[in-house]
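**Student:** Structure incoming, see below.
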Amino acid sequence: MALEQKASRVNHTWRMIANHTATGLAVLSTILVVAPLVAIFVYLLYKGASSLNLAFFTQVPKPVGETGGGMANAIVGSGILLALGSLLGVPVGIAAGIYLAEFGRGGRLANFVRFTADVLNGVPSIVMGISVYSLIVLPEKHFSALSGGVALGIMMIPTITRTTEEMLLMVPNAIREAALGLGVPNWRSVLAITLKTASPGVITGCMLAFARVAGETAPLLFTAFGNQFWSANINQPIAALPLQIYVYALSPYDEWHRLAWAGALVLIVLIVVSVSLVRFVTTRGVLKGAN
Amino acid sequence: MSVGIEVSQFNAWYGSNHALHDINLNIPANQATALIGPSGCGKSTFVRCINRMHETNPIGRATGTIRIGDLDIYNDVSPVEVRRRIGMVFQRPNPFPTMSIYDNVASGLRLNGFRNRRILDEVVERSLKHAALFEEVKDDLKKKSGASLSGGQQQRLCIARALAVDPEVLLMDEPASALDPVSTAKIEDLIFQLKSQYTIVIVTHNMQQAARVAERTGFFLNGRLVEFDSTHKIFTNPGDKRTEDYITGRFG
Amino acid sequence: MVNPKVQEVRVSGPPIVPPPSPEPSPAGTQSVAPSPIRKFLLERGSSAFSDRAFRWIMLICALSIFAIVALIASELIMRSQLTIAKFGLQFFFKQAWDPVSGDFGALPFIYGTLVSSIVALIIAVPLAVGVAVFLTEMCPKFLRGPLSFLTELLAAIPSVVYGLWAVFILVPLLREDVNPILMKTLGWTGFFAGPNYGIGIMAAGVILAIMILPIISSLTREVMTAVPHTQREAVLALGATRWEMIRMGVLRNARIGIVGSIILGLGRALGETIAVTMVIGNRPEIVKSLLGLGYSMSSVIANEFSEASDDLYLSALIEIGLALFIVTIIVNAIARLLVWAVTRGAPPRVV
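Going down the list, the protein sequences come from chains A, B and C.
Per numbering that gives the first Met the number 0, the first sequence runs over residues 0 to 290.
Per numbering that gives the first Met the number 0, the second sequence runs over residues 0 to 251.
Per numbering that gives the first Met the number 0, the third sequence runs over residues 0 to 350.
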């Protein structure tokens with residue numbers, strides 16, 4: 000009897016030890032992950048802020064060897080590329096999302112589209128880049144902002160499709176019925192009522208895709224290609240912020256490294272603002288009063 | 000002014016589930032007709048067939064004829080055209096959450112392309128008055144969102160929205176079941192007023208309500224119309240034993 | 000005549016009095032001209048055409064997803080014909096990379112991609128699962144929000160920024176502090192030998208680990224949260240400790256999904272380009288030591304694409320791209336299916 004009691008007490012002790020060890024390991028891994036990542040953030044902020052000045056936003060890069068200069072052309076270039084990409088990606092993505100939520104719901108085609116969009120999200124962006132290179136740059140025989148925009152746009156479509164679908168599915172069916180019951184044509188009901196009700200969430204999804212694509216370098220390597228000078232011509236190579244950072248980081252010049260850090264900070268700020276906005280909108284309740 | 004509804008040999012399915020069997024009835028114009036019956040008897044399905052909402056369900060199907068006035072609504076016109084002539088008020092109030100009170104009421108017209116500002120103002124005011132809501136919201140028409148009203152007010156807003164398109168028929172699917180007694184009483188008064196201008200079909204599981212507002216009542220059971228007669232007869236001397244069982248509370 | 004049974008029931012309620020018909024309105028029952036509203040609406044006509052057109056346009060846009068996949072596949076296959084014809088399947092088992100003589104073999108790059116990804120998984124998976132377990136089951140409520148927000152931020156940091164940090168901070172750190180320890184303690188295995196540059200497969204593996212960690216962690220959290228509470232309660236009711244509850248009630252049920260999230264992390268690691276290119280060393284060789292320099296599939300494309308002077312060279316690079324495309328599609332498809340099996344069809348959050 001006493002032996003059994005002792006055995007069960009030993010067993011119990013082992014279980015408690017296992018329990019505490021598990022907790023300890025989980026906490027440890029969290030610290031191991033969070034602390035260095037916070038450190039990365041802080042270091043980026045520090046190094047970037049110390050390199051950032053007004054010239055960064057207003058000047059183009061100076062020739063090698065000279066100090067100063069900025070990445071103004073890269074910032075503008077990124078803006079143009081993102082605008083082009085959004086022109087392609089946002090309407091097509093939202094439309095595809097509308098199809099999934101309003102017409103294809105539960106159908107085999109819709110499931111297949113959704114699955115393919117998710118898988119497409121995992122395709123490396125460099126593969127997207129060389130495909131667009133093959134499609135546009137090779138026949139045209141020159142790099143261009145247009146090809147870069149197309150590459151970015153194609154990358155935005157799957158993301159926006161999924162987030163749009165998710166947001167539209169959250170609109171209560173009662174609202175669709177109310178619109179249909181009034182004799183509103185279906186297309187009007189979807190656009191003016193359902194989409195409008197879900198619009199905070201849909202816009203948020205577009206912002207997410209936008210932010211994600213804004214930091215992409217690989218698809219631009221062989222499409223937009225980069226440009227040391229001012230250019231706003233969509234048929235010419237164009238500078239882009241991530242591209243410039245990449246080139247400068249790998250260069251042997253300290254001055255260019257400094258610019259790279261400053262550029263990285265600008266990108267980080269953009270990302271943090273977007274992610275925070277997205278979180279803010281979605282946790283506050285996307286659908287005012289519809290729930 | 001408004002029209003009667005003539006239903007003949009009407010059947011409806013959800014996929015393979017035969018929901019309505021050979022429904023025949025004539026709903027008179029300018030009166031309120033109540034449809035009663037236990038849960039799942041098909042009364043809501045039937046009402047949704049009158050404005051062709053049934054077919055918005057991907058597995059919904061129907062055969063037979065329904066005439067509104069002299070219009071065969073299944074064969075002569077498209078569903079969208081039908082729904083413009085028939086208004087519907089649903090069980091749970093469903094105002095459009097992103098729109099103001101004014102925009103909600105005007106939505107049926109605006110979304111069909113109507114632009115005349117002056118007439119819209121008139122119509123909104125008139126509809127809200129008909130729905131007995133105008134006095135309560137007249138100062139906040141464009142400021143308050145439709146969703147910020149109380150449950151009873153929201154339902155009256157939905158009624159105003161339905162009335163704004165000047166329908167010939169008004170369908171109400173258990174319009175007061177989600178509301179408190181005071182709001183319910185207000186809605187019943189409303190129906191009483193509206194009868195003179197519209198043909199009203201009201202689905203209700205509340206027999207007292209049917210007795211209070213409707214001239215004629217139809218009793219549905221298991222997808223069939225068991226009895227359709229004056230409300231007085233149904234509730235004092237029903238012809239069918241099943242009706243009597245339901246009324247006396249034996250089931251449902 | 001009133002049916003007595005019905006009469007009994009009605010005793011307590013108000014008497015049934017048929018509602019008086021409201022006064023017929025002055026307009027009477029004669030037909031009145033429809034109001035301008037009614038007239039307007041009656042003239043609107045059926046919207047069948049616009050509804051159909053709308054549906055078609057939305058459908059076409061949805062099909063564009065397939066079109067994109069088809070486009071990528073066709074372009075890549077088309078432009079890699081030269082090396083497919085010349086080397087066939089041997090291309091992936093050869094260890095050569097000589098643009099001058101036109102001899103190409105992708106084995107070093109496959110090796111580099113695989114090994115750096117495996118190193119990344121070895122580092123990231125235990126940590127990611129640990130973080131997921133902590134955040135889902137152990138974390139005090141007030142910390143959960145900020146920590147998950149942090150994870151989201153980290154998943155969103157662009158690759159080039161990670162690469163920048165890796166080049167200037169991680170590589171020196173590895174070279175000065177970490178690698179010497181590894182060489183001293185584990186050098187006998189042969190995996191940590193040779194010259195210590197700092198850059199190389201190890202550096203690539205570490206930065207990849209940091210990059211895929213948020214994705215594995217957040218997806219693992221999602222599948223763990225999808226496990227119904229009843230499972231947890233059932234185990235606890237048997238007298239289990241919290242760890243036992245987690246192990247038996249949650250992880251066991253979610254393990255398929257966790258495997259899926261790990262595979263998804265693998266997929267991300269396989270295709271990661273920029274950060275890896277900046278630290279992997281760019282030497283197309285196969286060495287046993289993780290401290291050695293290497294080259295990944297995406298890196299060789301990134302580095303040498305614009306220098307590809309002749310069509311054969313370009314074809315070789317594009318064929319590597321094609322291989323990367325096919326592999327990541329398969330890996331991602333498997334991963335998504337596994338995750339879906341646990342979260343059961345609710346559209347997964349876009350990660």
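No residue lacks a Cβ here, since even glycine has one placed at the ideal position from N, Cα and C.
#1: Ignore the nearest five residues each way along the sequence and tell me which others in G238/B's own chain have a CB closer than 8 Å to its CB.
#2: For W164/C, count neighbouring C-beta atoms within 10 Å of its own C-beta (all shown protein chains included) and say buried if the count is 16 or more, exposed if not.
#3: Between the region 249 to 263 of chain A and chain C, which residues of the former have a C-beta closer than 8 Å to a C-beta of the latter?
#4: Please classify V41/A: is it buried, with 16 or more other beta-carbons within 10 angstroms of its beta-carbon, or exposed?
#5: Could you list the residues in the region 84 to 116 of chain A with a C-beta less than 7 Å from some C-beta on chain B, going in chain order?
#6: Within 8 Å (strictly less), CB to CB, does F53/C reach chain B?
#7: Closest Cβ-Cβ distance between R187/A and chain B: below 8 Å?
#8: Kindly indicate which residue of I257/C, P145/C, I255/C and L120/C has the alpha-carbon position closest to the one of V205/C.
#9: Can you list the residues of chain B that A291/A reaches, using a CB-CB cut of under 7 Å?
#10: What residues of chain A sit near V170/C, judged by a beta carbon separation below 7 Å?
#11: I need the boundaries of the beta strand (DSSP E) containing F219/B, first residue and last residue.
#12: Check A17/A in the structure and name its three-state DSSP category.
#13: Contact check, T276/C vs A236/C under 8 Å by CB: the rounded distance?
#14: Say whether chain C places a C-beta atom closer than 8 Å to the C-beta of I202/A.
#15: Interface residues of chain A around R43/B at Cβ under 8 Å?
#16: Once you ignore the five residues that flank V330/C on each side, which residues in its own chain have a CB closer than 7 Å to its CB?
#17: Label P35/A either buried or exposed according to how many other C-beta atoms from any shown protein chain fall within 10 Å of its C-beta, with 16 as the threshold for buried.
#18: Output, in chain order, the set of chain B residues within a Cβ distance shorter than 8 Å of F48/C.
#19: Who are the neighbours of M127/A on chain C, taking C-beta pairs under 9 Å?
#20: Could you tell me if L2/A is buried or exposed, where buried requires 16 or more neighbouring beta carbons within 10 angstroms of its beta carbon?
#21: In whole angstroms, what is the alpha-carbon distance linking S24/C and Q196/B?
#22: Should R143/C be labelled buried (16 or more other beta-carbon atoms within 10 Å of its own) or exposed?
#23: Report yes if the CB atom of A48/A is closer than 8 Å to the CB atom of S63/C, and no otherwise.
#24: Could you name each continuous alpha helix (DSSP H) segment of 4 residues or more that falls completely within the region 107 to 170 of chain A, going from the start of the chain to the end?
#25: Determine, using beta carbons only, whether E54/B comes closer than 8 Å to chain C.
#26: The alpha helix (DSSP H) spanning S7/B covers which residue range?
#27: Return the Cβ separation of V122/A and T327/C in integer angstroms, given the expectation that the two are a contact with Cβ distance under 8 Å.
#28: Would you say M169/A reaches chain C, if we count a Cβ-Cβ gap shorter than 8 Å as a contact?
#29: Assuming Y170/B is part of the beta strand (DSSP E), what are its boundary residues?
#30: Where E139/A and G87/C are concerned, what is the direct C-alpha to C-alpha distance, given to the nearest angstrom?
#31: So with CB distances below 8 Å, who are the chain A contacts of G107/B?
#32: Around the C-beta of A18/B, are 16 or more other C-beta atoms found within 10 angstroms, so that it is buried, or is it exposed?
#33: Can you tell me the Cα-Cα spacing of Y245/B and P37/B, whole angstroms?
#34: Identify, in the order they occur along the chain, each residue of the same chain with its Cβ nearer than 7 Å to the Cβ of N234/A, setting aside the five sequence neighbours on each side.
#35: For D188/B, which residues in chain C fall below 8 Å Cβ to Cβ?
#36: Could you name the residues of chain A that E151/C contacts, counting a contact when the two beta carbons are closer than 9 Å?
**Tutor:** Reading off the structure:
#1: Along the second sequence, one-based indexing puts residue 238/B at 239. For G238/B, where only same-chain residues beyond five positions count, the Cβ hits under 8 Å are E226, D228 and K232.
#2: If you number the third sequence from 1, residue 164/C lands on position 165. That one is buried.
#3: L249, H256, A259, W260 and A263
#4: Here residue 41/A refers to the residue found at position 42 when the first sequence is read from its first residue. That one is exposed.
#5: none
#6: Residue numbering aside, residue 53/C sits at position 54 when the third sequence is read from its first letter. Cβ-Cβ to chain B under 8 Å: no for F53/C.
#7: Numbered from its first residue, the first sequence carries residue 187/A at position 188. Yes - at least one Cβ of chain B is within 8 Å of the one on R187/A.
#8: For the purposes of this step, residue 205/C is identified with residue 206 of the third sequence, where counting begins at 1. It is L120/C whose Cα lies nearest to the Cα of V205/C.
#9: Outside the shown range of chain A, which is 0 to 290, sits residue 291/A, and nothing can be said about it.
#10: For this step, residue 170/C is matched to residue 171 along the third sequence. By Cβ distance, chain A contributes nothing, its closest Cβ being about 12 Å from V170/C, past 7 Å.
#11: Here residue 219/B refers to the residue found at position 220 of the second sequence. It spans R215 to L220 - the beta strand (DSSP E) in which F219/B sits, taken as one unbroken run.
#12: In the first sequence, counting from the first residue as 1, residue 17/A sits at position 18. Residue state, collapsed to three classes: helix.
#13: Counting from one through the third sequence, the residue named residue 276/C turns up at place 277. Counting from one through the third sequence, the residue named residue 236/C turns up at place 237. Contact flag wrong, Cβ pair sits at about 53 Å.
#14: For this step, residue 202/A is matched to residue 203 along the first sequence. With 8 Å as the cut-off, I202/A does not count as an interface residue toward chain C.
#15: Position 44 of the second sequence, counting from 1, holds the residue named residue 43/B. Position check: residue 43/B holds Ser in this sequence, whereas Arg was assumed. Within chain A, no residue comes near S43/B; the closest Cβ sits about 12 Å away, beyond 8 Å.
#16: Position 331 of the third sequence holds residue 330/C. I262, L265, G266 and L269, listed in sequence order.
#17: Taking the first residue of the first sequence as position 1, residue 35/A is located at position 36. Exposed, because fewer than 16 other Cβ atoms sit within 10 Å of the Cβ of P35/A.
#18: On the third sequence, residue 48/C is found 49 positions in, with the first residue counted as 1. Those within 8 Å of F48/C in chain B number zero; the least Cβ separation is about 10 Å.
#19: Counted from its first residue, the first sequence places residue 127/A at position 128. Those within 9 Å of M127/A in chain C are I67 and I71.
#20: Against the first sequence, residue 2/A aligns to sequence position 3. The residue is exposed, with fewer than 16 neighbouring Cβ atoms inside 10 Å.
#21: To locate residue 24/C, count along the third sequence from 1; it is residue 25. To locate residue 196/B, count along the second sequence from 1; it is residue 197. Its pLDDT being 40, under 50, S24/C is placed unreliably in this model, and the coordinates cannot settle the point.
#22: Position 144 of the third sequence holds residue 143/C. R143/C is exposed by the Cβ-count criterion.
#23: Here residue 48/A refers to the residue found at position 49 when the first sequence is read from its first residue. Here residue 63/C refers to the residue found at position 64 when the third sequence is read from its first residue. Their beta carbons are not under 8 Å apart, which means A48/A does not touch S63/C by this criterion.
#24: 107 to 120, 124 to 131 and 144 to 168
#25: Within the second sequence, the letter at position 55 stands for residue 54/B. Closer than 8 Å: no.
#26: Looking up residue 7/B in the second sequence gives position 8. No alpha helix (DSSP H) holds S7/B; the beta strand (DSSP E) holding it covers I4 to Y13.
#27: Your numbering for residue 122/A matches position 123 in the first sequence. Your numbering for residue 327/C matches position 328 in the third sequence. Indeed they touch by this definition, with Cβ atoms about 6 Å apart.
#28: As a working mapping, residue 169/A is identified with position 170 in the first sequence. Closer than 8 Å: no.
#29: Taking the second sequence and counting its residues from 1, the one referred to as residue 170/B is at position 171. Per the sequence presented here, residue 170/B reads as Leu, with Tyr not at that position. Note, L170/B: beta strand (DSSP E), V168 to D172.
#30: Here the question's residue 139/A lines up with position 140 in the first sequence. Here the question's residue 87/C lines up with position 88 in the third sequence. Their backbone Cα atoms lie some 30 Å apart in a straight line.
#31: For the purposes of this step, residue 107/B is taken as residue 108 along the second sequence, with counting starting at 1. The contacting residues are L181, G182 and V183.
#32: As a working note, residue 18/B is residue 19 in the second sequence. A18/B should be labelled buried.
#33: Stepping through the second sequence from its first residue, residue 245/B is reached at position 246. Stepping through the second sequence from its first residue, residue 37/B is reached at position 38. So the two alpha carbons sit approximately 8 Å from each other.
#34: Position 235 of the first sequence, counted from the start, is the residue given in the question as residue 234/A. Once the five neighbours on either side are set aside, the close Cβ partners of N234/A are S143 and L145.
#35: Position 189 of the second sequence, counting from 1, holds the residue named residue 188/B. The premise fails here: D188/B is roughly 11 Å from chain C at the closest Cβ pair, so nothing lies under 8 Å.
#36: In the third sequence, residue 151/C corresponds to position 152, counting from 1. By Cβ distance, chain A contributes V274, V277 and R278.
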